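The working numbering puts the first residue of the sequence shown at 1, with every later residue one more than the last.
Note that beta-carbon positions come from the ideal geometry of N, C-alpha and C, so glycine has one too.
Note that this is a predicted model, so its numbers are computed, not measured.
Worksheet: one structure, shown below.
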Amino acid sequence: MNSRVSHSTHFESPVTGLVMGAIFFFTVFGYRIVIPTNIDWLTSGDLAQHFSGWNFFRYEAWHFPIGRIEGFGTPDGSSIVFTDSIPIMSIGFKLFRSVLPQPFQFIGLWLLTCYLLQGFFGWLLASLVTNKAYPRILITCFFLLSPPMLFRATGHEALTAHWLIWRLSI
1 MNSRVSHSTH
11 FESPVTGLVM
21 GAIFFFTVFG
31 YRIVIPTNID
41 WLTSGDLAQH
51 FSGWNFFRYE
61 AWHFPIGRIE
71 GFGTPDGSSI
81 VFTDSIPIMS
91 IGFKLFRSVL
101 PQPFQFIGLW
111 LLTCYLLQGF
121 FGWLLASLVT
131 NKAYPRILIT
141 CFFLLSPPML
151 FRATGHEALT
161 AHWLIWRLSI
């Protein structure tokens, strides 16, 4: 009878990658950027422009094509796509604009989601090459520590969906 207990059973689920993504995110960025009413960190640079684009879009009537902003980028208007305001999030949250607090930002939530999914899919990719826990952890760390992703999270947050690339490769 084998009395040895496998220590890797705790690390077999891709939930481990989600937890690693959360730990990395909160260690690097803190928790305040996830608070929807905290806009203090969105007042300068590209982040301010992205937040402004969302606000113009939020308070304007719906137009066709979806995403059109007539009062931003005059005289012809613009689109949420060109403001780097994460169109999928902007359109989704605009549906609930009447119940959202003022001010409201979702950029922190977007970044958290991207890091959670980066860890999740990094773990799945690591599982393709090894069934051992510690190499999976190390490989997942490489995905979470990706310099391009970290760089984009500080001003080009719409481009942090690197998990989509990993998902397409599985």
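Same chain, Cβ closer than 6 Å to residue i, neighbours up to 5 away in sequence not counted
| i | result |
| --- | --- |
| Phe-175 | The question about residue 175 has no answer here: the residues shown for the chain are numbered 1 through 170. |
| Gly-53 | Thr-83 and Ser-85 |
| Arg-32 | Asn-38 |
Identified DSSP bridge partners for residue i
| i | result |
| --- | --- |
| Arg-68 | Ser-79 |
Bounding residues of the alpha helix (DSSP H) (the contiguous stretch that carries residue i)
| i | result |
| --- | --- |
| Phe-56 | 45-59 |
| Thr-113 | 107-129 |
| Thr-140 | 133-144 |
| Ser-13 | No alpha helix (DSSP H) contains Ser-13, which DSSP labels as neither H nor E. |
| Ser-90 | 87-94 |
| Phe-151 | 147-152 |
Spatial neighbours of residue i in its chain, beta-carbon cut-off 7 Å, leaving aside the 5 residues before and after
| i | result |
| --- | --- |
| Leu-112 | Phe-25 and Val-34 |
| Gly-45 | Gly-155 |
| His-100 | A small fix is needed here, since residue 100 is Leu in this sequence, not His. Here the set comprises Phe-93. |
| Trp-110 | Ile-86, Met-89 and Glu-157 |
| Ala-161 | Cys-114 |
| Phe-57 | Ile-69, Ile-80, Ser-85, Ser-90 and Lys-94 |
Test item: CB-CB of residue i and residue j under 7 Å
| i | j | result |
| --- | --- | --- |
| Phe-93 | Phe-72 | no |
| Gln-118 | Trp-163 | yes |
Sequence-distant residues of its chain with Cβ nearer than 8 Å to residue i (five each side left out)
| i | result |
| --- | --- |
| Glu-70 | Glu-60, His-63 and Gly-77 |
| Ile-91 | Ile-66, Gly-67 and Ile-80 |
| Leu-42 | Ala-48, His-50, Phe-51, Gln-105 and Ile-107 |
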